[in-house]
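K.L.:
I am attaching a structure below and will ask some questions about it afterwards.
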Amino acid sequence: MAGAFAQLFLGHLREFLRDRMALFWTFAFVLFFALIFGLVVGQSWEPVRAVGVAAEGGGVIPRRLVEELKRLEAFDVLEVSRNEGEALWRAGRIEALIIVPQGVDEAVSLRRPASIAVRYDRGRRSSRTLVAVVEAALRRAEAPDGAASALLTLAPLNSGQQRLRPIDLFVPGVLTMLLMQLGLFGASMPMVSLRVQGVLRRLRATPLPGVVMLAAPIAVRLVIVALQMVVICLIAWGVFGVRMAGGSGVQAAAMAVLGAAAFIAIGLLIAGIARTLESANVLASALQVPMVFLSGILFPIDAAPAFLRPVMSVWPSTHLGDALGQLMIGAPAAYGLGVNAAVLTAWLVIAGGLAVRTLSLD
């Protein structure tokens, strides 16, 4: 079986390599797309009119600070935990994070100085301006009666933690779309085409196992998509300075393989349902639209209307993009990795089981 698979795999690969137009659209287009889209999305965030306040111990001073900031009505004030705030800051959802440590009330009552940590991008003018406003609000929170007092000071955090840029978030989203295209179109269309042309029926007259007929062309497309993903990652790293440092490369690769398997199962289910190339294209396109626009790979899930979020949580593209974002660039998690893996596995098992029942070589 291995020899037959290798011969059929090489045959499909030679057929692809002889098609110069396919080669161009497969690699040159991906190269141009990555460069142009990377320049369009930019490498820095637009100013965000939001600040996070994390009060680690609660108390009067943190409450007054929040009230003073809200009274300004110049930006949104989010009361968060420190971990939530760090994630929001890294994702560009807040301009600054103020961390009020435990014991601030006691320090002020005893007239002892204390520091309040603030995380912001000192290279951005909007962040520096906002921090100046926060400092003024802190003075009023410390001494609401107007008495002169400067016991509390803002201490900028400099832990080396880098803020994610739009171009960073672009990478896992594009990789997810490549794997989705592989499954929806790369797995379904060739199968339907070979069946419509009667090629699969003729191959059944040979000793060639049916699983080899299905696996060889899909394996060729897996190799092609893997090369496209390498091109995307090299451009992101070499041109735009994206650092793949969020998690384990082995975990990211494993999640990508699981996602590819789930999308291929969906593609084979489409091939089993569709009787013609036209109907297969319609089904694949109908699934592609919600998997792109309702998946969180183009915009954050928490930015979507609340009534759409349960729908978004169902799609495999949502969970693959979320997992790759966490593992590759350390993006904030919308779901846990265990949940992501479970949803992708469910799609693989259900779609794969239905594909086995519906897919016919005749």
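First residue of the sequence shown? That's 2 in the numbering used here, and the numbers climb one at a time after it.
We treat Cβ as the ideally placed atom computed from N, Cα and C, and that holds for glycine.
What span of residues does the beta strand (DSSP E) with L153 cover, start to end?
P.N.:
Per DSSP, L153 belongs to the beta strand (DSSP E) from 153–157.
K.L.:
So, are the CB atoms of F6 and A272 less than 8 Å apart?
P.N.:
No, these two residues do not count as a Cβ contact at 8 Å.
K.L.:
Check whether the Cβ atoms of E345 and W316 lie closer than 8 Å to each other.
P.N.:
The sequence as given places Leu at residue 345; Glu does not occur at that position. Cβ atoms of L345 and W316: not closer than 8 Å.
K.L.:
Do V31 and V232 have their C-beta atoms within less than 8 Å of each other?
P.N.:
Contact: yes.
K.L.:
Would you kindly check if the distance between the Cβ of L355 and the Cβ of L270 is under 8 Å?
P.N.:
Yes; because the gap between Cβ atoms is below 8 Å, this pair is in contact.
K.L.:
Looking at the structure shown, is L295 part of a helix, part of a strand, or coil, going by DSSP?
P.N.:
Note: L295 maps to coil in three-state DSSP.
K.L.:
With a cut-off of 8 Å, does the C-beta of R222 fall near any C-beta of chain B?
P.N.:
Protein chain content of the structure displayed is limited to a single chain, and chain B is not contained in it.
K.L.:
Run through DSSP, which three-state label would L223 get?
P.N.:
Of the three classes helix, strand and coil, the one that applies to L223 here is helix, per DSSP.
K.L.:
Give the range of the beta strand (DSSP E) segment to which G361 is assigned.
P.N.:
In the sequence as displayed, the identity of residue 361 is Ser instead of Gly. Careful: S361 lies outside any beta strand (DSSP E) and carries neither H nor E.
K.L.:
DSSP three-state label for I265, please.
P.N.:
Correct three-state label for I265: helix.
K.L.:
For Q252, which option in Q229, A342, E57 has the closest C-alpha, if you only look at C-alpha atoms?
P.N.:
Considering only alpha carbons, the answer is A342.
K.L.:
I need the straight-line Cα distance from R203 to A88, nearest angstrom please.
P.N.:
Each residue's Cα considered, the two are about 56 Å apart.
K.L.:
Nearest to E107 by alpha carbon, out of P63, V134, S127?
P.N.:
When only C-alpha atoms are compared, the closest one is P63.
K.L.:
Quick check on the DSSP output: what are the complete beta strand (DSSP E) runs of length 3 or more inside the segment 100–141, in order along the chain?
P.N.:
The qualifying runs are 115–121.
K.L.:
Are the CB atoms of L139 and L66 within a distance shorter than 8 Å?
P.N.:
Yes; because the gap between Cβ atoms is below 8 Å, this pair is in contact.
K.L.:
Going by beta-carbon coordinates alone, are V135 and L155 separated by less than 8 Å?
P.N.:
Yes, the Cβ-Cβ distance between V135 and L155 is below 8 Å.
K.L.:
If you draw a straight line from the C-alpha of D20 to the C-alpha of M178, how long is it?
P.N.:
So the two alpha carbons sit approximately 23 Å from each other.
K.L.:
By alpha-carbon positions, which one of E69, A55, W238, F28 ends up nearest to I95?
P.N.:
Looking at the Cα atoms, A55 is the closest of the given residues.
K.L.:
Can you tell me where the alpha helix (DSSP H) holding D20 begins and where it ends?
P.N.:
First-last for D20: undefined, no H or E at that position.
K.L.:
If you run the structure through DSSP and keep just helix, strand and coil, what is G59?
P.N.:
Correct three-state label for G59: coil.
K.L.:
Using CA coordinates, which residue listed in A237, L360, M214 is at the minimum distance from Q8?
P.N.:
It is M214.
K.L.:
Between L325, S127, G60, P291, which has its C-alpha nearest Q103's C-alpha?
P.N.:
The shortest Cα separation from Q103 among L325, S127, G60, P291 belongs to G60.
K.L.:
Confirm, please, whether the CB-CB distance from L278 to M192 is below 8 Å.
P.N.:
Result no, Cβ atoms of M192 and L278 do not sit closer than 8 Å.
K.L.:
Going straight from the alpha carbon of F171 to that of G39, what length do you get?
P.N.:
The alpha-carbon atoms of F171 and G39 are separated by roughly 8 Å.
K.L.:
How big is the Cα-Cα spacing for M230 and R222?
P.N.:
C-alpha separation (whole angstroms): 12 Å.
K.L.:
Keeping to the same chain, check which residues put their C-beta closer than 7 Å to that of M292; ignore five residues upstream and five downstream.
P.N.:
Closer than 7 Å at the Cβ level, and outside the excluded window around M292, lie M181, W316, S318.
K.L.:
Where DSSP assigns a beta bridge to V52, which residues make up the other side?
P.N.:
Looking at the DSSP assignment, V52 forms a beta bridge with V78, A97.
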